[in-house]
Each structure stands twice: as structure tokens, then as C-alpha cells.
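Colleague: Here the sequence shown stands for residues 12 to 190, numbered as in my numbering. Input: one structure, supplied below.
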Amino acid sequence: MIATDDTQAFSEIYSRYKGVLYLHAFRMLGNEEEAKDVLQDLFTTIWTKRHDINHIASFSSYLYKALRNRIFDVMAHKKVEQKYIDSLARFMEEGECITDQQILEKELTQVIESEISLLPPRMREVFELSRNADLSYKQIAEELHISDKTVKKQVSSALHILRHKIDVAFIFALILLRN
């Protein structure tokens with residue numbers, strides 16, 4: 012009768028099945044609003060596709076199967092939503108971590124450059140030729156007209172000074188980032 016646009020037949024089916032279908036949807040979904048939405052969607056679809064439902068043997072079985080399929084769709088959508096939320100949360104956490112790491116690297120680079128600039132002039136020159144120009148101790152000694160041992164001692168002293176200053180700066184930066 013619904014297939015022939017009988018609104019009275021549709022109202023009767025709605026009245027007969029809405030309560031029991033709602034309870035079933037609510038038990039499956041655990042949410043009143045979602046259960047109401049699924050039920051409304053089911054009955055809206057039945058009315059809009061009423062011309063295609065004349066060949067249904069058991070209307071109650073059809074309603075339960077259609078409702079079950081809609082509930083499964085909602086559950087699948089929830090899983091996709093949850094994956095998206097989890098992915099977004101992970102990204103936010105990692106993004107913060109990456110940002111913190113970049114800040115720490117930038118601050119340490121500034122500390123290193125600052126500490127290198129505070130080295131005695133000759134020691135700074137030897138150290139920069141060793142680290143920035145990648146020259147060997149022998150090449151530096153020849154260029155500056157000093158002995159290999161002096162170059163080695165200057166680089167060693169510079170590293171000792173920088174390690175101490177960088178360790179202190181690194182610990183301070185970590186404390187700031189934690190707070």
C-alpha cells in the first residue's frame with residue numbers, strides 16, 4: 012500500500028515499528044540522538060523509495076535489516092572519525108615536539124656562535140679554520156705559521172671551553188622547554 016502513495020499505510024507502519032526499532036538502534040549505538048537520526052533516515056528512505064518496495068516478503072525483516080545496515084554505517088563512520096581524531100592528536104603532539112626541538116636547536120646554535128665569538132682571537136681563528144674550513148692541523152699550522160702542537164692545543168682548549176658553556180646552556184634550555 013505504501014508503494015501506491017498511501018500515507019495512511021506509511022503512518023501505520025511508522026507507529027507500529029518506531030518504538031521497537033528505536034530501542035534496537037539505541038542498544039546498538041548507545042546514543043539517543045544517533046538512534047533517532049538512524050530511525051528518521053530509515054523512514055525517510057522508505058518513503059522516498061516507496062515505489063521500489065512492492066516485492067518485500069516480510070516488511071519487519073526488511074525494516075530490521077535496513078536499520079542494521081544504517082547502524083553499521085554509523086559505526087563505521089565513527090571509526091573513521093576516531094582514526095582522524097587520533098591522527099590529528101598524534102600530529103599535534105609530534106608537531107609540538109618538532110617545534111620544541113627546532114627552538115632548542117636554534118638556541119643552541121646561537122649559544123655556540125656566541126661562545127665561539129668570545130674565544131681569544133687566535134684560538135677562535137684556529138678553531139674556525141679547523142671546524143668551518145675543514146683544514147687539517149698541519150694545513151692550519153702552515154697557514155698561520157705556527158706549530159702543529161700549538162694548533163692541536165688551541166683546538167683542544169677551544170673545545171673544552173665550548174663543551175662547558177654548551178652543557179650549561181643546554182641544561183638551561185631543557186629546563187625552559189619543560190616549563
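Ideal Cβ positions, reconstructed from N, Cα and C, are used throughout, including at glycine.
Classify Asn151 as helix, strand or coil using the three-state DSSP reduction.
Modeller: Note on identity: in this sequence residue 151 is Ile, with Asn being the wrong assignment. Correct three-state label for Ile151: helix.
Colleague: Suppose contacts are defined by Cβ-Cβ distances below 8 Å. Is Leu99 in contact with His35 by that definition?
Modeller: no
Colleague: Does the separation of the CB atoms of Glu45 and Val85 fall below 8 Å?
Modeller: It is a contact, given that the beta carbons lie within the stated cut-off.
Colleague: For the segment 133 to 146 against the segment 162 to 173, are there 3 or more C-beta pairs whose distance is under 8 Å?
Modeller: yes
Colleague: Since I believe Glu154 is in contact with Val170 (beta carbons under 8 Å), could you give me their beta-carbon distance rounded to a whole number of angstroms?
Modeller: According to the sequence provided, residue 170 is Leu. The question's Val does not apply to it. With a Cβ gap of about 20 Å, Leu170 and Glu154 do not count as contacting.
Colleague: Near Arg101, what residues of its chain come up, given a Cβ to Cβ distance below 7 Å and the 5 sequence neighbours on each side ignored?
Modeller: none
Colleague: Nearest CA to the CA of Ile172: which residue from Ser128, Leu53, Ala68, Ser69?
Modeller: Ser128
Colleague: Does the segment 50 to 60 come within contact of the segment 15 to 35, defined as at least 3 CB pairs closer than 8 Å?
Modeller: yes
Colleague: Look at Arg81 and Ile13 and say whether their C-beta atoms are less than 8 Å apart.
Modeller: For the 8 Å CB-CB criterion, Arg81 and Ile13 do not form a contact.
Colleague: Could you tell me the boundaries of the alpha helix (DSSP H) in which Asp52 lies?
Modeller: 43 to 59
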